[in-house]
Amino acid sequence: MWAYVGRRLLLAIPTLLGASIIVFAMVHLAPGDPIAAVMPAESSQAEIEATKRAYGFDKPLPVQYLVWLGRVAQGDLGRSIATRRAVILDVRDALANSLVLALSSSLVAFALGVALGLLAAFRQGRALDKLASAIAVVGVSVPHYWAGIILIIIFSVQLNWLPAMGAANEPGVLPYLRHIALPTVALSLIPLGVITRVVRSAALDILNQEFVLALRAKGLAARGVFTHVVKNAAPQILTVLGLQFGFQLGGSVLVEAVFSWPGTGYLLNLAIFQRDIPVLQGVIMVLATFFVLLNLAVDLLQTVVDPRIARH
Amino acid sequence: MAQIEAVGGVGVERGSLPPTLMMSYWRTVAWRLARDPATLVAGAVLLLIALSALLAPWLAPYDPNAGTIRLRLASVGAPAHLLGTDEQGRDMLSRLLWGGRMTLVAGLTPVLVAFVLGTGLGVLAGYVGGLTNTLVMRTMDIFYAFPAVLLAIAISGALGPGLPNTLISLSIVFVPRVVRVAESATVQVKALEYIAAARASGAGVRAIVRHHLLANVLGPILVFASTQVSLSIILAAGLSFLGLGVTPPAAEWGLMLNTLRQSIYVNAVVPALPGLAIFVTSMAFNLLSDGLRDAMEIRA
């Protein structure tokens, strides 16, 4: 097993390096000069050249990449072209907000999704199963940014119960919860659908195996059967939970835009429209690193729960 | 049958085996699809959406880009404007019809590109194996370092707004996914005995791939690609929603949702319509791909 852990850790390094190349290349995909785009229209050629030198854009691309990578590895993501603030500070604050939102929406989706999926599997073909399947299809089909707008229309505009925008200004738990409630619901829809589906199908797989029949034949009560099913479906359920959490972190861009939630998605959106390349790169690199490490953790956790995987 | 039931929420009912086992595979698939109400309804809805998008120039009662500020944000059911008007007084029905064209093109093209390119790369990697496989598959792995939404937005953000850039960025999202499925299907089929038999009887690589391999891997790849359409549509409209996709004044569902978003305090129903269109389309595609997967007896 330790050999497997070591191999998985080593495999994450080329993936991260590849990701860093993509992130770096993104800037140069963009049409036009990354510096000229942000300089005032009346700046002279000499001014543009000086700014280019200051940001290191005058060097050959491979050199630029290595310099950038070296800095990133040390946690230096450069300075924002728009605000001159260190990118790492902006990303850190935004990441904290995004993490909270990802956590809250994941919690809602996990709790509801696992419960619905298991109930559906044990009530296969009945009304409850049909309802769970319907919720699952809606969850994976609904454009979550639209769902966010619908929530705002209902709970902010019509009922005036919850705020429509941003994070809480005043201190305290209640204002915070009031602000995060709607984005949480909007963001939990997709993972709710996915988790319900996966849990249902994993539980059904186990239920259809002969050992469950044997357990029932031996007179094991429904609660005992339930425990066996949950235990055996656990690795698959854990995987989907971990992966969905990762998607939440990177996938919240649209929902954050709808609710002006000050997270990484909001920052990314801002950076795109200000053509603030260091911020753009910084946000994506940090999120990708998080995502790769999370996937790694899910893989490793899986082998702990189900050692058969490592022997594959 | 138990397996099929375990896969999806909607699908073949227990005991709905075809009347004769002599039916060909595709006839069996069609037989099952014809007996699956959810899939049939989804198919009909999609046909309707596709037709109305195709026939938009003839169906739309008004010019989608012409409006009068005097008539802005008319409610649903207003005289002469069945679905109301938008924030610039443009007819919503006309814009939704025209918008469907854009959204469908922007959502379907990347999956089509991914299906063709991904199948090619995946079959190549799976069949040739060795260094080629490592090279192709490790490159694809890199794209898995990003959640799909983030990758699409990041590439679009770097490339700038516009329909071509949306197609490029979404294709980059979907190609690696199809490659993975195509590769693993190819590796599985390649190990089967009948391929070895074909090789032993002197069939060349081209003949084996064309006649024996593709016939058996295209099904699973097609089903997988069909599951991606709804995500692609949501993302394509999402990019426009962020201002990264189709540019104004063109009608596109995501873009319409974005510009109407400011008007929810004036009119709560009209701004919800473009999103409803995205939702219904994406759900119909999901139900259709579920039905297809069940009917083709392919495990997700």
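Going down the list, the sequences are from chains W and V. Quick note on my numbering: the first sequence kicks off at 15 and runs consecutively. Quick note on my numbering: the second sequence kicks off at 4 and runs consecutively. The C-beta atom is built at its ideal place from N, Cα and C for all residues, glycine as well.
Measuring CA to CA, which of the options is closest to residue i?
i, options, result
"V329/W", "A228/W, A108/W, R211/W, L25/W", "Because residue 329/W is not part of the residues shown, which for chain W are 15 to 326, the question remains open."
"I237/V", "V220/V, S78/V, P277/V", "P277/V"
"A87/W", "S34/W, L308/W, Q59/W", "S34/W"
"L260/V", "L279/V, Y268/V, R296/V", "L279/V"
"V283/V", "R35/V, A53/V, T122/V, T31/V", "A53/V"
Is there at least one Cβ from chain V nearer than 7 Å to residue i's Cβ?
i, result
"L83/W", "no"
"F71/W", "no"
"S155/W", "yes"
"T241/W", "no"
"G127/W", "no"
"F334/W", "No answer is possible for residue 334/W: the residues shown for chain W start at 15 and end at 326."
"G180/W", "no"
"V101/W", "no"
"L130/W", "no"
"G20/W", "no"
What residue does the alpha helix (DSSP H) around residue i start on, and which one ends it?
i, result
"V269/V", "Neither: V269/V is in no alpha helix (DSSP H) and is coded neither H nor E."
"N219/V", "217–244"
"R180/V", "166–193"
"W275/W", "It is not in any alpha helix (DSSP H) - W275/W carries neither H nor E in the DSSP assignment."
"H242/W", "236–265"
"A148/V", "Run containing A148/V: none; DSSP gives neither H nor E here."
"E300/V", "E300/V -> no alpha helix (DSSP H), and no H or E assigned at all."
"L301/W", "291–319"
"P40/V", "40–57"
"M40/W", "16–43"
"P157/W", "Looking at the DSSP string, P157/W is not in any alpha helix (DSSP H), and its letter there is neither H nor E."
"A228/W", "224–231"
"A33/V", "28–37"
"R213/V", "Where R213/V is concerned, there is no enclosing alpha helix (DSSP H), given that its DSSP letter is neither H nor E."
"E196/V", "196–203"
Any idea what DSSP makes of residue i, helix, strand or coil?
i, result
"G18/V", "Unreliable placement is indicated for G18/V, whose pLDDT of 48 sits below 50; no coordinate value is reported for it."
"A146/W", "helix"
"G70/V", "strand"
"Q88/W", "coil"
"A287/V", "helix"
"A100/W", "strand"
"D94/V", "strand"
"T262/V", "helix"
"A178/W", "coil"
"F110/W", "Before going on, a small fix: residue 110/W reads as Ala here, not Phe. It is helical."
"A81/V", "strand"
"T88/V", "strand"
"I93/W", "Checking the sequence, you will find Arg at residue 93/W rather than Ile. The answer is strand: DSSP assigns R93/W an E or B state."
"V13/V", "At V13/V the pLDDT is 41, less than 50, meaning the model places this residue with poor confidence; the figure from the coordinates comes in the next sentence. Coil."
"N183/W", "coil"
"F71/W", "coil"
"V249/V", "coil"
Looking only at its chain, what residues have a beta carbon closer than 8 Å to the beta carbon of residue i, apart from the 5 residues adjacent to it on each side?
i, result
"S292/V", "V226, S229, T230, V232, S233"
"Y197/V", "H215"
Under 7 Å, Cβ to Cβ, is there at least one residue of chain W near residue i?
i, result
"S285/V", "yes"
"S233/V", "yes"
"D144/V", "yes"
"A199/V", "no"
"N289/V", "yes"
"I237/V", "yes"
"G278/V", "yes"
"V152/V", "yes"
"F227/V", "no"
"M4/V", "Confidence is the limiting factor: at M4/V the pLDDT is only 35, short of 50, which leaves the residue's position unreliable, though a coordinate-based value still follows. Not closer than 7 Å to any Cβ of chain W, the Cβ of M4/V fails to qualify, so no."
"Y268/V", "yes"
"I7/V", "At I7/V, the pLDDT of 39 sits below 50, so the modelled position is not reliable and the matter cannot be decided from this model."
"A117/V", "no"
"I281/V", "yes"
"A271/V", "yes"
Give me, in chain order, the residues of the same chain whose beta-carbon lies closer than 6 Å to that of residue i; leave out the 5 immediate sequence neighbours on both sides.
i, result
"E327/W", "No answer is possible for residue 327/W: it lies beyond the span of chain W, which begins at 15 and ends at 326."
"L124/V", "V139, V182"
"L242/V", "S159, T169, G248"
"L206/W", "A123, L126, G127, G153"
"V293/W", "S94, V101, A285"
"H79/V", "Residue identity differs from the one stated: residue 79/V is Val in this sequence, not His. L86, G87, V272, listed in sequence order."
Can you name, in chain order, every residue of its own chain whose Cβ lies under 7 Å from the Cβ of residue i, other than the five neighbours on each side?
i, result
"D143/W", "A134, R137"
"S266/W", "S112, L115, A116, L201, G277, G279"
"P167/V", "none"
I want to verify the contact list: residues of chain A whose CB lies under 7 Å from the CB of residue i, in sequence order.
i, result
"V306/W", "Looking at the structure shown, chain A is missing, and the protein chains on hand are W and V."
Say yes only if the C-beta of residue i is nearer than 6 Å to one or more non-hydrogen atoms of the ligand NAP, and no if none qualify.
i, result
"A59/V", "The ligand NAP is absent from the structure shown, which contains no ligand whatsoever."
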